[in-house]
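Below is one structure; the comments refer to it alone.
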Amino acid sequence: MKTAVVTGGTGGIGEAICRRLADEGYFVYVNYAHSEIKAGLIAEEIKGKPIGFDVADPLAVRNALGAIEQVDLLVNNAGVSFIDLFTSVPQEKADSILNINLKGAMNCARTVLPKMIGVKSGNIINISSMWGQCGASCEVDYSASKAGMIGFTKALAKEVAPSGIRVNCISPGFIMTEMNKQFSDEDLELIKEDIPLGIFGEPRHIADAAAFLASDHSEYITGQILAVNGGMVI
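Right, dumping it as structure tokens:
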């Protein structure tokens, strides 16, 4: 049985990915930083295992992931956002966004790669955002972190391809998760008007994309950005 680690596994998108990968036959490690009880419930239901660590802490990442015998698939999904004018974002919050969204993904990849390289097999999927492709006003730090994930994906894919390892990125559009429920009904209607397909994305749409990139159906795909946004960013 192949083994997958999904960071941020208790969030809306993360949970959907965990459940879908389990359906695809993976043994899934459900990562959490704070939601231990929820991670335990999800892991129990999908016959996986909860694994607690802060992706922004390199030592914690090494201790947790280093204890896993082999990681076949790493999904870097953990992320945070913050909406405000760039000049008004507290430095601590700006650092946190970069440390979790971008450096966190790099910490996890850096830890699992040596074993992947050793067996010349592995798969890494990074979860970016459409704002990493085009940028969002009042989400400058978030956009920068997600754009960094795209650059990270492309560069790492080139570096590890000779070792039989694929690295791809999913770029979600507006997905209805807890993170986006802060918007008013009026704001949501305005956002929907900008989506050509006229519907909001759901976590299952990202999970479907992850399942594809995790499967042999994508064996000749690496270094790519798969946009799942209803046509909002083309």
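In the numbering used here, the protein residues as written are 1 to 234. Note that beta-carbon positions come from the ideal geometry of N, C-alpha and C, so glycine has one too. Just so it is clear, the structure is predicted and the values come from calculations on it, not from any experiment.
The shortest C-alpha to C-alpha distance from V112 to any of M232, A4, L226 and Q224 is the one to A4.
Contact annotation, I150 with C169: C-beta distance approximately 6 Å; criterion of less than 8 Å satisfied. In the displayed model, C169 falls within a strand according to three-state DSSP. I225 places its beta carbon less than 8 Å from that of S171. Annotation: the continuous beta strand (DSSP E) that includes T3 extends over T3 to V6.
Going by DSSP, G132 is part of the alpha helix (DSSP H) stretching over M130 to C134. Taking each of F152, Y26 and G201 in turn and checking the Cα distance to A105, the smallest one comes out for F152.
Ranking I68, G66 and A144 by CA distance to the CA of K103 puts A144 first.
Excluding sequence positions up to five before and after G66, its CB lies within less than 7 Å of the CB of T111, all in the same chain and listed in chain order. In the structure shown, A64 adopts helical secondary structure according to DSSP, grouped into three states. For A33, the three-state secondary structure derived from DSSP is coil.
Note that the C-beta distance between F200 and M176 is below 8 Å. Rounded to the nearest whole angstrom, the C-alpha separation of S88 and V80 is 17 Å. Distance from the Cα of P162 is smallest, within the candidate group N123, E186 and G173, for N123. Using a 10 angstroms sphere on the CB of Y220, the tally of other CB atoms stays under 16, which defines it as exposed. DSSP, read as helix, strand or coil, puts P58 in helix. Residues V28, I46, K47 and G48 of the same chain have their beta carbon placed closer than 8 Å to that of A22, with the five preceding and five following residues left out of the count.
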